[in-house]
Structure formats: structure tokens, C-alpha cells
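Undergrad: If you read the sequence shown in my numbering, its first letter stands for residue 216, the second for the next number, and so on.
Think of the CB as a built atom: it goes at the ideal place given N, C-alpha and C, for glycine as much as any other residue.
Treat the numbers as computed from the prediction; the structure is a model and nothing was measured.
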Amino acid sequence: MRDFSDDHRWLSLNTATVRKQGDLAQIVDACARHGIRAIDPWRDQVAAIGLDRAVRIVRDAGLDLSGYCRGGMFVADDAHRQAARDDNRRAVDEAKALGASCLVLVVGGLPQYSRPGSVASRDIVAARARVDDGIAELLDYARQVDMPLAIEPLHPAYAADRACVNTTRQALDICDRLDPAKSGAIGVALDVYHIWWDPDVLAQIERAGKARLLAFHVCDWLVPTKDILNDRGMMGDGVIDIRSLRAAVEAQGFAGYSEIEIFSNHWWEQPMDDLIHACIARHRTVV
Ligand code: ZN
């Protein structure tokens, strides 16, 4: 297992962590100030400054992209499916232009919440079937441009409105169906916030192996959690055994970035440099 205590060279900043403090250009400047080598930007932050400018500032700063957030929401009804497909292909193209290591997929829950305008449904079985079809279709496209797809299983609390893929096992089952050869074209983005509770997680990380482990996201689970979306904790402030999970992915050969992704009403109110200081300190002591 890598020793993170002396430096933060394997820290990546998911830019949603500081989305309220500045635009993508300001975040890239902050990364330079703090010696951060990698980010994972969100599509809306890229769109806000323009893709061409985003590509330029990322390249000029010499930043790696540990992922690009995000594609997915595959559950659109028939009337919206074409638009969803086009949107996901654009996400692949943007990831490619930015030089991302993978496109993170949040697959969608029930259609009316995931693709607004879609017909309301309580059929989570049908939603999961649409997810399978949607990922298969996008994978064909992503393979052509050599952009790996990373399915992020989300905690079951998000099954209705964000993702009906809720366990690492479920995500790996999809990967195995679509890519039995483990070619590297599809794998998982494992976020400790979503997987820490799962009694099967260590066995599934072993099953995933290096070929399927495309991204590793860290934050913490606060008790009590006041807001299921925007009350994530700083690493060390909650109950997740982050180091055991990192040890498990690294035992499989994962050697990428530990990406800090904290959606937090509390942390969004702090100055950007203070928040990044805290991230670096906890990356060294807790991650
Ligand atoms: Zn994540």
C-alpha cells in the first residue's frame, strides 16, 4: 500500500468539492498553488467556461484528469432516449478532448427523476434493463474513441433519483456481461461514500481486479447525516474505514489517484484555500 503521509502526489480534487468557491479556471489556479496534480471536473463547470478554454487551461497547468463527471442517466423513456444518447456521446467526446482517464457513469434511477420530462414509473426492474441497454450502446461508441467507462454504484438511498446500480457486485455484473475479456474499456468508479456499508465489498473489489478498478473516490459518512446529497464529510470526520478500502483496491494493483469528492453545504461555505488545506492534511493522515 502506498504511503501518502509525506506528500499528496496521489491526491486528485473532484471539482464539485469547491464548486461554490470558484469556476473551473479559479479551481485550476488553486490546484497550482497547492501542488495538486489531478482533478475530476464536472460537465457543467466545463460548459460554464467553454470546452476549448477548459482543455487549454488543463493542458497549460499540466493536470491529469482522474475522471470526468459524468455521463449516464440512461433511463429516459422512448421519447427522450435519442437526446439522452446524444448527450452521453458528447460527454465521451468532452472526456476525450480533456484527456480524462475515464468517463464516470451515474446510471440513473427512475426515469422521471433522472431525465426530467420522462413518464413517471415505479418499475425499477425496467429502469435497470434500460441502464444495461444504455451502457451497452454507449460502450460501442466509447470503444471507438478509446475512452473507458467507469460505472459508479451509488448508495441505495439514491436508487430512485440517481442510480439504480447500488452495489459493486451489480456494477461488475454489467461489466462482465458487456466486456467478459476485461479489456479495460469498462470498469467501476468506487466511491467510499457509496460502498463502505456493503458486507460484500471486499470480495467484490477482489473480483474486480486491476482491470476493472478505474477510479477511487474518498470523503466520509457523517453520523448523523443531515442531507443525503450535500452533507458528505471530510475524511476522518465520519465512520468510513477509508484506509482499509484503499488497501483493498491497491492490493489489486490500483495505482491511480485518490480523488476527494465532498458535496457539503458546510465545506462549500469555507474559503477555497482553507478547504484545500484540509483536504491535503486529511489525505496525508486519514486516506
Ligand atoms: Zn464519486
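In three-state DSSP terms, what is residue 527?
TA: Outside the displayed span of the chain (216 to 502) sits residue 527, for which this structure offers no information.
Undergrad: Indicate the three-state DSSP secondary structure (helix, strand or coil) for residue 205 in the structure shown.
TA: Missing from the structure shown is residue 205; the chain here goes from 216 to 502 and no further.
Undergrad: Is the beta carbon of residue 282 closer than 9 Å to that of residue 318?
TA: For the purposes of this step, residue 318 is identified with residue 103 of the sequence shown, where counting begins at 1. For the purposes of this step, residue 282 is identified with residue 67 of the sequence shown, where counting begins at 1. Against a cut-off of 9 Å, the Cβ pair of residue 282 and residue 318 comes out as a contact.
Undergrad: Can you check the region 439-494 for any beta strand (DSSP E) of at least 3 residues that lies completely inside it and give the ranges in chain order?
TA: 473-475
Undergrad: Quick one: what does DSSP say residue 432 is sitting in, helix, strand or coil?
TA: For the purposes of this step, residue 432 is identified with residue 217 of the sequence shown, where counting begins at 1. The answer is strand: DSSP assigns residue 432 an E or B state.
Undergrad: In whole angstroms, what separates the C-alpha of residue 404 from that of residue 469?
TA: Along the sequence shown, read from residue 1 onward, the residue named residue 404 stands at position 189. Along the sequence shown, read from residue 1 onward, the residue named residue 469 stands at position 254. Using only the alpha carbons, I get a separation of about 12 Å.
Undergrad: For residue 220, count neighbouring C-beta atoms within 10 Å of its own C-beta (all shown protein chains included) and say buried if the count is 16 or more, exposed if not.
TA: Here the question's residue 220 lines up with position 5 in the sequence shown. Exposed, because fewer than 16 other Cβ atoms sit within 10 Å of the Cβ of residue 220.
Undergrad: Can you give me the start and stop residues for the beta strand (DSSP E) that residue 320 sits inside?
TA: Indexing the sequence shown from 1 puts residue 320 at position 105. Unbroken beta strand (DSSP E) run through residue 320: 318-321.
Undergrad: Put residue 335 into one of helix, strand or coil per three-state DSSP.
TA: Counting from one through the sequence shown, the residue named residue 335 turns up at place 120. DSSP, reduced to helix, strand and coil, places residue 335 outside both helices and strands of the structure shown, so it counts as coil.
Undergrad: Of all residues in the structure, which have a C-beta closer than 5 Å to any heavy atom of the ligand ZN, taken in chain order?
TA: Those residues, listed in chain order, are 406, 432 and 476.
Undergrad: Taking the alpha carbon of residue 430 as the reference point, which residue from 223, 259, 218 and 227 has its own alpha carbon closest?
TA: Here residue 430 refers to the residue found at position 215 when the sequence shown is read from its first residue. If we check each option's Cα against that of residue 430, 227 comes out closest.
Undergrad: First and last residue of the beta strand (DSSP E) that includes residue 284?
TA: As a working mapping, residue 284 is identified with position 69 in the sequence shown. Where residue 284 is concerned, the enclosing beta strand (DSSP E) stretches over 283-287.
Undergrad: Using a Cβ-Cβ cut-off of 7 Å (strictly less than) and excluding sequence neighbours within five positions of residue 413, which residues of its own chain qualify?
TA: Along the sequence shown, one-based indexing puts residue 413 at 198. These residues qualify, in order along the chain: 382 and 383.
Undergrad: Is it true that the CB of residue 420 sits closer than 9 Å to the CB of residue 463?
TA: For the purposes of this step, residue 463 is identified with residue 248 of the sequence shown, where counting begins at 1. For the purposes of this step, residue 420 is identified with residue 205 of the sequence shown, where counting begins at 1. In this structure, residue 420 lies closer than 9 Å to residue 463 by Cβ.
Undergrad: How many angstroms separate the CA atom of residue 491 from the CA atom of residue 232?
TA: Sequence index remark: in the sequence shown, residue 491 carries index 276 (1-based). Sequence index remark: in the sequence shown, residue 232 carries index 17 (1-based). Their backbone Cα atoms lie some 9 Å apart in a straight line.
Undergrad: How close, in whole Å, do the beta carbons of residue 465 and residue 217 come, if the pair is a contact with beta carbons under 8 Å?
TA: By one-based count along the sequence shown, residue 465 stands at place 250. By one-based count along the sequence shown, residue 217 stands at place 2. Correct: roughly 6 Å between the Cβ atoms.
Undergrad: Leaving aside the five residues before and after residue 303 along the sequence, list all residues of the same chain whose C-beta is less than 6 Å from its C-beta, in chain order.
TA: Along the sequence shown, read from residue 1 onward, the residue named residue 303 stands at position 88. Once the five neighbours on either side are set aside, the close Cβ partners of residue 303 are 286 and 353.
Undergrad: Are residue 432 and residue 229 closer than 9 Å when you measure CB to CB?
TA: Here residue 432 corresponds to residue number 217 of the sequence shown, with the count starting at 1. Here residue 229 corresponds to residue number 14 of the sequence shown, with the count starting at 1. Contact: yes.
Undergrad: Between the region 321-337 and the region 291-307, are three or more C-beta pairs nearer than 8 Å?
TA: The region 321-337 vs the region 291-307: in contact.
Undergrad: Which one or two residues does DSSP pair with residue 228 in a beta bridge?
TA: What you label residue 228 is simply residue 13 of the sequence shown in a count that begins at 1. BP columns for residue 228 point to 254 and 475.
Undergrad: Along the beta strand (DSSP E) that carries residue 403, what are the first and last residues, could you check?
TA: Taking the sequence shown and counting its residues from 1, one reaches residue 403 at position 188. Start and end: 401-406.
Undergrad: Among 379, 245 and 495, which residue has its Cα nearest to the Cα of residue 289?
TA: Within the sequence shown, residue 289 is the residue found at index 74, counting from 1. The residue with the shortest Cα to Cα distance from residue 289 is 379.
Undergrad: What is the C-beta distance between residue 374 and residue 339, in whole angstroms, given that I count them as a contact (C-beta under 8 Å)?
TA: Numbered from 1 along the sequence shown, position 159 holds the residue referred to as residue 374. Numbered from 1 along the sequence shown, position 124 holds the residue referred to as residue 339. Indeed they touch by this definition, with Cβ atoms about 7 Å apart.
Undergrad: Alpha carbon to alpha carbon, how far is residue 240 from residue 458? Give it in angstroms, no decimals.
TA: Taking the first residue of the sequence shown as position 1, residue 458 is located at position 243. Taking the first residue of the sequence shown as position 1, residue 240 is located at position 25. Inter-residue distance for residue 458 and residue 240 is about 32 Å (C-alpha atoms, whole angstroms).
Undergrad: Starting from residue 328, trace the alpha helix (DSSP H) both ways and give me its first and last residue.
TA: Locating residue 328 in the sequence shown gives position 113, where the first residue counts as 1. Following the DSSP letters along the chain, one finds residue 328 inside the alpha helix (DSSP H) bounded by residues 326-329.
Undergrad: DSSP has residue 280 in a bridge; who is on the other side?
TA: The residue labelled residue 280 in the question sits at position 65 within the sequence shown. Note: residue 280 sits in a beta bridge opposite 254 and 315.
Undergrad: Assuming contact is defined by CB atoms lying nearer than 9 Å, are residue 451 and residue 500 in contact in what I supplied?
TA: Counted from its first residue, the sequence shown places residue 451 at position 236. Counted from its first residue, the sequence shown places residue 500 at position 285. Yes, the pair counts as a contact, with Cβ atoms nearer than the cut-off.
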